[in-house]
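Each residue of the sequence shown is one higher than the one before, counting from 61 in the numbering used here. Ideal placement from N, C-alpha and C gives every residue a C-beta, glycine not left out. Keep in mind that this is a model prediction, so the values were computed, not measured. The structure under discussion appears below in the form of C-alpha cells.
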Amino acid sequence: MMKGAFRTKHFQSEQFTSKFSLSLVVLCTLYSGTALAMMKLNVKCPKKFLGTVTKVEKSEAPFFSRGAIGNLSKVQVYFKNDETVRGNVDQNVTIQTLRNGPTKFQEGNQYEVEMRENYICSVKRLGQNKPESH
Numbered sequence: 061m062m063k064g065a066f067r068t069k070h071f072q073s074e075q076f077t078s079k080f081s082l083s084l085v086v087l088c089t090l091y092s093g094t095a096l097a098m099m100k101l102n103v104k105c106p107k108k109f110l111g112t113v114t115k116v117e118k119s120e121a122p123f124f125s126r127g128a129i130g131n132l133s134k135v136q137v138y139f140k141n142d143e144t145v146r147g148n149v150d151q152n153v154t155i156q157t158l159r160n161g162p163t164k165f166q167e168g169n170q171y172e173v174e175m176r177e178n179y180i181c182s183v184k185r186l187g188q189n190k191p192e193s194h
C-alpha cells in the first residue's frame with residue numbers, strides 16, 4: 061500500500077509535471093521542425109515523376125569550367141513520364157546532365173526524378189521497365 065501511495069504522490073508532484081510538460085514541448089517542436097523541413101523540400105523541388113529513359117545522347121556543346129583542365133561532357137536524357145507524383149510534368153521530359161555525373165542513365169531503366177524547372181534535385185533508379193505484352 062505504501063508503494064502505490066508513493067507513485068501517486070510522485071506523479072502528482074509539481075516537479076514531475078513540469079519535467080513532463082517540458083519533454084512534451086521539446087518532442088512537439090522537433091516533430092514540427094521535421095515536418096516544416098519536408099514541406100520546404102517539396103517547395104524547392106516542385107516536380108516529381110516516375111519516368112523511363114527512352115534515349116541518352118551525347119550533347120554537342122560541353123560545359124566549361126574556369127581552372128578546369130579540358131571540358132566536362134554532358135548528355136541529353138529523354139524520359140517518358142510513366143507517373144506524375146507532384147507538380148505539372150509533361151508527358152516527355154528532357155534533362156541535360158553531366159555524362160560522368162553521379163547517375164548513369166540507361167535506356168529502358170525507370171527512375172524517380174525530382175526537379176525544379178529542368179534541373180535535377182534528386183534521382184533514384186527504380187529498375188528496368190518491362191515492356192507490356194499484348
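The continuous beta strand (DSSP E) containing E172 extends over residues N169 to R176. F165: not part of any beta strand (DSSP E); DSSP gives it neither H nor E.
Classified as buried, K107 has 16 or more neighbouring CB atoms from the shown chains inside 10 Å of its CB.
In this structure, S182 lies away from Q156, with their beta-carbon atoms at least 8 angstroms apart. Between the C-alpha atoms of G168 and T112 there is a straight-line separation of about 6 angstroms. For the 8 angstroms CB-CB criterion, K104 and R176 form a contact. Following the DSSP letters along the chain, one finds S182 inside the beta strand (DSSP E) bounded by residues Y179 to Q188.
With a 10 Å radius around the Cβ and a threshold of 16 neighbouring Cβ atoms, Y179 comes out exposed. Per DSSP, G111 is one residue of the beta strand (DSSP E) stretching across K107 to K118. Between L110 and N160, the alpha-carbon positions lie close to 22 angstroms from each other.
Going by DSSP, D150 is part of no beta strand (DSSP E) at all; its letter is neither H nor E. Ranked by Cα distance from K115, the first of G187, V153 and L158 is V153.
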